[in-house]
Every structure is written in structure tokens, then in C-alpha cells.
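**Q**
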Amino acid sequence: MSINPQELRYSKEHEWISAAEAGVATVGITSHAADALGDVVFVQLPEVGDSVTAGESCGELESTKSVSDLYSPVSGEVTEANEDVVSDPSLVNTAPFEGGWLFKVRITDEPADLLSADEYTAFISG
Amino acid sequence: MTTAPRRTALDAVHRALGATMTDFAGWDMPLRYGSERDEHNAVRRTAGLFDLSHMGEITVTGPQAGEALDFALVGHLSALAVGRARYTMICAADGGILDDLIVYRLGEAEFMIVANAANAQVVLDAVTDRAKGFDAEVRDDRDGYSLIAVQGPQSPAILKSLTDADLDGLKYYAGLPGTVAGVSALIARTGYTGEDGFELFVSPADAETLWQALTEAGAPHGLVPCGLSCRDTLRLEAGMPLYGHELTTALTPFDAGLGRVVKFDKPGDFVGREALERAAEQAAANPPRKLVGLVAQGRRIPRAGYQVTAEGGTVIGEVTSGAPSPTLGKPIAMAYVDAAYAAPGTPGVAVDIRGSHEPYEVVALPFYKRQR
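Just so you know, the sequences run in chain order A and B.
Under UniProt numbering, the very last position in the first sequence is 126; numbers go up by exactly one each time.
Under UniProt numbering, the very last position in the second sequence is 372; numbers go up by exactly one each time.
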């Protein structure tokens, strides 16, 4: 059984990315990653217009116990940041695949090794 | 060589509850069961149930047990009444803190020391060595007890439903033997959360019975299982020091603002006396750094080791513990800062959070004090 939505693709850094519409895709972290962090209390997102690079840090997620880098699963330009999650970081825990999305990106390049839902589920179970 | 972490008698219970486990001082302990913020709030508002079986118990018995502890520790334990407990410390000859402890006087000639898991062996070795000249026996009882804590405003009501012991007569920092849910226990009114609560020392064979009974009796009162993550934020809000953070061998009790635990007027010598007398004088005349509270104006969390800065970026201290405070709704920290910047409200104080100087307000400790 997988709680990772089939329509998304996944990075090994535990980000998800939606199918692009008109070249723009939505990025978030998986529920597996959110569970591992614990209660997220602070989110720093890239700003609209920022260039992000696949596999490189573009923000931060802080939980009670730790601070983690946010990695972009693809390269491109940020078109929107989720201000709701900035003001209420607990959305990352309660709705990681929905209201807890982090930013939208106009994709210029994506790595070949993004995982399908089944591959990601196997990856985190392994 | 690596050693597999030790498991408490409640290990299977934690796993059945779906706990996220963590290696803590060589023990595999529950970090949280669900949301650590919810667990924290339950202890402040209703009640929380903790497995603290990693704590290290050491029993000291004999006609001179009290005198041995007076020599080994900085407190005046021979003056402790039977049935009472005391927060104290054990120091090295140079005054450095080896551990902070709670000592319970179980009988005229019987004391129990409770040490931090990470320091239990050091404390056991030091107390054993220091007790040599006395008619007293030191016993390693780390495997003899499981420790279950019930903390929070509902904890007296929960415990009363499971015991005939006189809980109303049991004062803060007192302990009495009794029976809880049919299990023999040392019932102590102590804790590390800033709330009213109890710590129950029981045989490991009885731990699961007691845990399940407390879970059932506590359910109508809002009791939830709680992990070490919320224990840390609870004690931080209550301004309580944690060994390895606010207390280290490099600091004396006076450096930590806890000089009151050192009893110079007790009879006889004790390990560290000379060095501690000098430390007391220095702390009074010319304190190097002071332990203060910091409250964030922003939302980024200060972590242990982050530098505290003054206007212009001058480093004036270091964070020892930091976390988001569920009760205050803001990040908080404890930090040692130069005495000149230790006054509440000192302007221009910031914490260097990975290169960004975030403004922080200096406040007096604790951050939270319960209404009695």
C-alpha cells in the first residue's frame, strides 16, 4: 500500500513534483519526509523569480528537533511560493501533498532519475 | 566497537504505539508518538505519560550513607528528612559539574540517587570511590527499576484512581512507597516539565502492567503517551537545565546560576569544596557569563552552539538549548551571555542563525511558570 499519490513524481531527497501544466509544476515534500521531521515550525521558501537547480538547496524546513535543507527536484524559475505554508508551517505535516505544497516552478531542466510513486515507495521501504 | 542501544522494559509498548524512536545516551527511547507539539500541550493542559527508564538509579545504604553523600555530592543530604527528595549535583575536585541529580531519602540509612543516563556510570564510579572511607554501601540499581512519569495538571486525579497512597499529603520533592494498580512503586512527586506530576519507580517486570493501567485510567482525563522531544521543550520552557547543554564539566554550579545547591555550611569536607569556594567568590564579584532566556521576535529556531551577538555583530555568548515554544508560540532559547548583556531587555541582542542575525529579547528565566 502506498500513500504516495500515483500522479506525482519523487526525488530521493523526498520532494514530490506534479505533472507540469504549461511548463509549470508544483513542488512539496512527501509525507514520509514530514513524518521524519516531526512538527514543522518554520519554512523558508525560494522567492518568486529565483532560479533553482535540481538537487541544490533552495530553502529550509525547521522542526522542533532539526533544520533541513529544502532541495529542488528540478531546475527552473520559481513562479509562486505558498504563503499559506509560510504563515502556517503545520500544513506540511497535515497535508503534505495538498495544502502543504511549497512552491511552483517553470521547469527548464529535470534530472532523469525522478522516481514514480511505486519506485519511491520501494525506495523509502528499502 | 559499536554497541546496540539498550531497550527499556516498555520497548514493545512503544513500538505498538507507533513511536518514533531515537538513540539517547545509549538507549533506544521514544522521541514522539505523534505530534510533539500536541504531546507538549497535553502535559500543560491535561496529562502526559513518559517512559524514563533510561535514568540511572544508584542506591546508597548503611549507617554512614548520609555522611558519604555529604562528602561525595555538593548538597547536605544527611539533613534530608526521610521521604523527601533534593535536587543536587556531583562535582569534580576542580568544581566542574559531573552531573545534576535527584536524591531521595528512602530510609534513615537508605538513599537513592537518580543520575542522567549519559552520566550514570561516571556518577556510580565517583560515588563508589568517594564512599570508601565511610560505613556505607553503593549499589548499581540501574537494572533494578523502570521509571514511569505522569506529568500535568490531571496527574493527581489519574493516580488517585489507581492508589490508596496519600497523594494529597505527598509534597513536591517528596516520595513514599506505595502500591499503584497493584504494583509496588516508589511514588515521587517530582518531574522535569514545570507541571505537577509524579515519577513512579517500579520493577521492570511490572512496568508494562503499570503503563497500561495508567493509560486506561488516564484516557478520560486526556492523558497521552509523550516522548523525549516534548520533555525537552517542557523543561526548556520551565527554565530547567539539561546536562550536556546548560551544565558541563567546564562549568561550576555557580557559573550555571545554581550555586544555591552547594552547601558550604554542611559539616565535614566534600569533593570540590575549595574550588567551589573560589567559584562562589568569582561569581559574586565578577561573573564571566550568565545563563539567560532569549525569546525570538522572528520565527527561526536557535540551536545549541549558535552564537549570541550584540549590536555590530560582536559575539557575546552561545545558545545552549533552543526550540519552538508551544506555550509562547515563539522560538525560545537558553544561552550563556557576557554579564554586561544579561539584564532583561538588553537592546541589540541577536542570535546568529546560519549567518542571519535574528533579533532576540533577553528575559529572566523561566519562560513558563504554572499557576498554583
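From the three backbone atoms N, C-alpha and C, an ideal C-beta is built for every residue, glycine too.
Would you list, in chain order, the members of the stretch 52-74 of chain A that have their beta-carbon closer than 9 Å to a beta-carbon of chain B?
**A** Glu60, Glu62, Ser63, Thr64, Lys65, Ser66, Val67
**Q** Counting only the same chain and skipping the five closest in sequence on each side, list residues whose C-beta sits under 6 Å from that of B:Leu186.
**A** Correct list, in chain order: Gly175, Pro177, Phe201.
**Q** At a Cβ threshold of 9 Å, is B:Leu31 touching chain A?
**A** yes
**Q** Is the beta carbon of B:Ala304 less than 9 Å from the beta carbon of B:Ala350?
**A** no
**Q** Just how far apart, CA to CA, sit A:Thr26 and B:Val150?
**A** 44 Å
**Q** Report, in whole angstroms, the separation of the C-beta atoms of A:Val41 and A:Ser63, which I expect to be a contact under 8 Å.
**A** Sure, about 6 Å apart at Cβ, within 8 Å.
**Q** Are the beta-carbon atoms belonging to B:Thr320 and B:Tyr368 less than 9 Å from one another?
**A** no
**Q** Could you compute how far the alpha carbon of B:Gly239 sits from the alpha carbon of B:Leu223?
**A** 24 Å
**Q** The beta strand (DSSP E) that contains A:Trp101, what's its start and end?
**A** Element bounds for A:Trp101: n/a, residue is neither H nor E.
**Q** Look at B:Ser325 and A:Asp39 and say whether their C-beta atoms are less than 9 Å apart.
**A** No. Outside cutoff.
**Q** Does A:Asn82 come within less than 9 Å of chain B when only Cβ atoms are used?
**A** no
**Q** Looking at B:Cys226 and B:Leu49, is the spacing between their C-beta atoms short of 9 Å?
**A** yes
**Q** Output needed in chain order: residues of the stretch 35-46 of chain A with a Cβ under 7 Å from some Cβ in chain D.
**A** Given the protein chain composition of this structure (A and B), no chain D is represented.
**Q** Quick test of the definition: if touching needs 3 or more C-beta pairs under 8 Å, does the stretch 141-160 of chain B touch the stretch 70-85 of chain B?
**A** no
**Q** Sort B:Asp143, B:Phe264, B:Ala79, B:Ile58 by Cα distance to B:Glu67 and report the nearest one.
**A** It is B:Ala79 whose Cα lies nearest to the Cα of B:Glu67.
**Q** Looking at the unbroken alpha helix (DSSP H) that takes in B:Glu67, where does it start and where does it end?
**A** 65-72
**Q** Contact between the stretch 94-105 of chain A and the stretch 4-19 of chain B is defined here as three or more beta-carbon pairs at a separation below 8 Å; is this criterion met?
**A** no
**Q** Going by beta carbon distance, what residues of the same chain come within less than 6 Å of A:Met1, once the five residues before and after it are set aside?
**A** The predicted model places A:Met1 with a pLDDT of 39, which falls under 50 and marks its position as unreliable; any figure quoted below should be read in that light. Cβ neighbours of A:Met1 beyond the five flanking positions: none.
**Q** Suppose you measure from the CA of B:Ala136 to the CA of A:Phe123; what does that come to, to the nearest Å?
**A** Rounded to whole angstroms, B:Ala136 to A:Phe123 spans 58 Å at the Cα level.
**Q** How about the stretch 241-261 of chain B and the stretch 269-279 of chain B: do they share at least three Cβ pairs that are nearer than 8 Å?
**A** yes
**Q** On a CA-only basis, which of B:Pro344, B:Ile301, B:Ala65, B:Val82 is nearest B:Arg354? Give me that one, please.
**A** B:Ile301
**Q** Sorted by chain position, which residues of the same chain lie with C-beta nearer than 8 Å to B:His357's C-beta, five sequence neighbours on each side aside?
**A** Thr309, Gly313, Ala350, Val351
**Q** Tell me the residue span of the alpha helix (DSSP H) that contains A:Thr121.
**A** For A:Thr121, the enclosing alpha helix (DSSP H) begins and ends at 117-125.
**Q** Between A:Ser90 and chain B, is the shortest Cβ-Cβ distance under 9 Å, so that the two count as touching?
**A** yes
**Q** Check the Cβ-Cβ distances between B:Ile158 and every residue of chain A, and say whether any is below 9 Å.
**A** no
**Q** Please classify B:Thr179 as buried or exposed, where buried requires at least 16 other C-beta atoms within 10 Å of its C-beta.
**A** exposed
**Q** According to DSSP, simplified to helix, strand and coil, what is A:Met1?
**A** Residue placement at A:Met1 is poorly supported in this model, since its pLDDT is 39, which falls under 50; the coordinates are not used for a value here.
**Q** For A:Ser72 and A:Val105, which I take to be in contact (beta-carbon distance under 8 Å), what is that distance rounded to the nearest angstrom?
**A** 7 Å
**Q** Do we get a CB-CB distance below 9 Å when we pair B:Ile332 with the residues of chain A?
**A** no
**Q** Check whether the Cβ atoms of B:Glu57 and B:Gly144 sit closer than 9 Å, and answer yes or no.
**A** Contact flag set, yes.
**Q** Going by DSSP, which residues form a beta bridge with B:Glu110?
**A** B:Thr61, B:Gly107
**Q** Quick one: what's got a C-beta closer than 7 Å to B:Thr190's C-beta in the same chain, skipping five residues either side?
**A** Ala85, Ile102, Tyr173, Glu199
**Q** Is there a Cβ of chain A sitting closer than 9 Å to that of B:Arg289, yes or no?
**A** Not one chain A Cβ lies under 9 Å of B:Arg289.
**Q** Give the interface partners of B:Ala323 over in chain A, defined as CB-CB distance under 7 Å, in chain order.
**A** Thr64
**Q** Apart from the five residues on each side of it in sequence, which residues of its chain come closer than 8 Å, Cβ to Cβ, to B:Ser268?
**A** Before going further, note that residue 268 of chain B is Gly rather than Ser in the sequence given. Here the set comprises Glu67, Asp70, Phe71.
**Q** Give the secondary structure of A:Arg9 by DSSP, where H, G and I count as helix, E and B as strand, and everything else as coil.
**A** In this structure, A:Arg9 counts as strand in the three-state DSSP scheme.
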